[in-house]
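Numbering (the UniProt record's numbering), first residue to last: 1 to 271. Built from N, CA and C at the ideal position, the CB exists for glycine as well. Here the structure comes first, spelled out in structure tokens, and everything after it is commentary.
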Amino acid sequence: QADNRLRLSIVTAWQLIIVISLGRQAVQSQASMAALKQPLPYRLLCLLPNQSNYQFDMRYILPSQSLINAELTRRGLADQFSINISFEASTCSNLAAVPAMQYYYSGWVDGFVGLPCPESCSQVVQYSNAIWNKPVVSIGSVESTFRDPEKIKYRNKIFARVSFDSGELMRSILKRIFITNNWSRFFGLYSWNYGYTKDGCSLLMMDLNKEWQAMGKKAEFMDTYGGRFSDQDLHTAFTEKIGTDYSGKRNRFRKAPICIEMRLCGAEIFY
């Protein structure tokens with residue numbers, strides 16, 4: 001199931017990049033489309049780590065090429081576009097800009113995809129925005145840096161994000177709960193795991209912390225360092241935290257404390 005989600009996310013990313021770029025450049029009118037004798041070649045550079053604990057790497061992505069071709073055929077686009085996909089290692093660092101530069105200045109690329117890490121994505125997006133004017137679709141980069149419309153550093157009309165477990169929905173739900181109940185304090189108890197679970201959890205906690213600061217509320221977080229707590233352990237940890245730092249102030253909670261277990265994130269969130 002996880003592999004299917006990863007591949008479907010990649011297919012969605014490539015669909016977006018085709019629509020964004022070809023919609024702006026190649027498909028200027030119905031007449032120009034009708035004049036095409038051969039499928040229009042479209043060259044994508046997919047920048048991903050070869051192997052890592054991140055959400056995406058080449059082990060998951062390489063098998064998805066057949067899904068892309070099948071989706072183009074299903075949508076009736078196979079006769080109009082031919083896709084050439086190249087893969088290069090991004091190493092989840094700013095070195096991802098090196099192969100991106102090589103492909104761009106060699107005239108080998110029409111768009112970029114992949115870039116699951118903020119370090120690699122930010123470099124390519126900045127160059128594309130300032131110089132290349134090529135579309136960039138990230139399949140990660142869910143940090144608030146790429147979302148905040150007021151503080152975002154990477155302005156690019158053709159930059160889009162695709163991700164299935166960024167935690168944005170849970171973050172918005174928790175924010176609404178806080179506003180509705182007028183709660184002022186937050187305590188998050190979570191465990192870091194491996195792979196995409198680890199990243200999803202840390203990103204969610206970062207976003208929650210930013211939300212609480214913006215709302216002028218107190219937020220605290222405790223990492224269990226990989227420990228698997230039983231229900232009793234969780235209750236004890238929560239009770240001790242309330243007794244130590246919130247002693248005599250339990251009446252600030254309008255309702256009984258709530259625990260939400262986030263299976264994708266590996267986190268237990270308490271109010």
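Quick check on the DSSP output: the alpha helix (DSSP H) that includes A130 runs from which residue to which? Indexing the sequence shown from 1 puts residue 130 at position 130. Counting along the chain, A130 falls outside any alpha helix (DSSP H), and DSSP gives it neither H nor E.
Is P41 near the ligand ATP, going by C-beta to nearest heavy atom under 6 Å? Among the components modelled here there is no ligand, and therefore nothing to report on the ligand ATP.
Could you pull out every residue in the same chain whose Cβ sits closer than 8 Å to the Cβ of V124, ignoring the five residues on either side in sequence? Along the sequence shown, one-based indexing puts residue 124 at 124. Counting only Cβ-Cβ distances below 8 Å, and skipping sequence neighbours, we find L47, A96, A97, A100, F112, L115 and V136.
Using a 10 Å radius around the Cβ and a threshold of 16 neighbouring Cβ atoms, would you call I131 buried or exposed? If you number the sequence shown from 1, residue 131 lands on position 131. That one is exposed.
Buried versus exposed call for K217 [16 or more other C-beta atoms within 10 Å across all chains shown]: Looking up residue 217 in the sequence shown gives position 217. Burial call: exposed.
Decide if P41 is buried, meaning its Cβ has at least 16 other Cβ atoms within 10 Å, or exposed. The residue labelled residue 41 in the question sits at position 41 within the sequence shown. Answer is exposed; the Cβ neighbour count stays below 16.
Rounded straight-line distance, which links the Cα of S90 to that of M58: The residue given as residue 58 occupies position 58 in the sequence shown. The residue given as residue 90 occupies position 90 in the sequence shown. About 10 Å.
Can you tell which of Q80, N50, Q51 and I85 has its C-alpha closest to the C-alpha of S66? Numbered from its first residue, the sequence shown carries residue 66 at position 66. For S66, the nearest C-alpha among the options comes from I85.
Check for me: the beta strand (DSSP E) holding R43 runs from which residue to which? Numbered from 1 along the sequence shown, position 43 holds the residue referred to as residue 43. L40 to L48 is the span of the beta strand (DSSP E), which, as asked, contains R43.
Keeping to the same chain, check which residues put their C-beta closer than 6 Å to that of F186; ignore five residues upstream and five downstream. Taking the sequence shown and counting its residues from 1, one reaches residue 186 at position 186. Hits under 6 Å: W212 and A219.
Spatial neighbours of F253 in its chain, beta-carbon cut-off 6 Å, leaving aside the 5 residues before and after: Here residue 253 refers to the residue found at position 253 of the sequence shown. Caution applies to F253, whose pLDDT of 39 falls short of 50 and renders its modelled position unreliable; the value that the coordinates give is listed next. Nothing listed; no residue qualifies.
By a C-beta neighbour count over all protein chains shown, 10 Å radius and 16 as the cutoff for buried, is I179 buried or exposed? Indexing the sequence shown from 1 puts residue 179 at position 179. It is exposed - the Cβ of I179 has fewer than 16 other Cβ atoms within 10 Å.
From N181 to K175, what does the alpha carbon distance come to, in whole angstroms? Along the sequence shown, one-based indexing puts residue 181 at 181. Along the sequence shown, one-based indexing puts residue 175 at 175. Cα-Cα distance, rounded: 10 Å.
Cβ atoms of C121 and S138: under 7 Å apart, would you say? Along the sequence shown, one-based indexing puts residue 138 at 138. Along the sequence shown, one-based indexing puts residue 121 at 121. Closer than 7 Å, so yes.
Rounded to whole angstroms, what is the Cα-Cα separation between E71 and Q126? Residue numbering aside, residue 71 sits at position 71 when the sequence shown is read from its first letter. Residue numbering aside, residue 126 sits at position 126 when the sequence shown is read from its first letter. Those two C-alpha atoms are separated by around 30 Å.
Could you tell me the distance, in whole angstroms, from the CA atom of Q38 to the CA atom of F81? Here residue 38 corresponds to residue number 38 of the sequence shown, with the count starting at 1. Here residue 81 corresponds to residue number 81 of the sequence shown, with the count starting at 1. Straight-line Cα distance between these residues: approximately 8 Å.
Relative to the C-alpha of P49, which candidate in K134, T239, C92 and N129 has its C-alpha closest? The residue given as residue 49 occupies position 49 in the sequence shown. Ranking K134, T239, C92 and N129 by Cα distance to P49 puts C92 first.
Collapsed DSSP secondary structure at S82 in the structure displayed: As a first step, residue 82 must be located in the sequence shown, where it is residue number 82. In this structure, S82 counts as strand in the three-state DSSP scheme.
How would you write the range of the alpha helix (DSSP H) that S66 sits in, first residue to last? Start at 1 with the first residue of the sequence shown, and residue 66 comes out as number 66. Unbroken alpha helix (DSSP H) run through S66: Q65 to R74.
Just verifying my parser: in three-state terms, what is the DSSP assignment at S138? On the sequence shown, position 138 is the one that residue 138 refers to. In the structure shown, S138 sits in a strand (DSSP, three-state: E or B).
Pull up the distance between the alpha-carbon of L77 and that of L62, whole angstroms please. Within the sequence shown, numbered from 1, the residue matching residue 77 stands at position 77. Within the sequence shown, numbered from 1, the residue matching residue 62 stands at position 62. Rounded to the nearest angstrom, the two C-alpha atoms are 21 Å apart.
Does the beta-carbon of S184 have 16 or more other beta-carbons within 10 angstroms, so that it is buried, or is it exposed? Along the sequence shown, read from residue 1 onward, the residue named residue 184 stands at position 184. Exposed: under 16 other Cβ atoms inside 10 Å.
On a Cα-Cα basis, can you pick out the residue from K210, L208 and L44 that is closest to W108? Residue 108 sits at position 108 when you count from the first residue of the sequence shown. Checking every option, the nearest Cα to that of W108 belongs to L44.
Please classify D207 as buried or exposed, where buried requires at least 16 neighbouring CB atoms within 10 angstroms. Position 207 of the sequence shown, counted from the first residue, corresponds to residue 207. Buried, since its Cβ has 16 or more Cβ neighbours within 10 Å.
Once you ignore the five residues that flank N94 on each side, which residues in its own chain have a CB closer than 7 Å to its CB? Your numbering for residue 94 matches position 94 in the sequence shown. Cβ within range, chain order: E119, S120 and Q123.
Give the single residue among K134, S128 and Y103 whose Cα lies nearest to the Cα of E88. Taking the first residue of the sequence shown as 1, we reach residue 88 at position 88. Here the closest residue by C-alpha is Y103.
Taking DSSP's pairing of strands, which residues face A219 in a bridge? Here residue 219 is taken as the residue at index 219 of the sequence shown, counted from 1. Per DSSP, F186.
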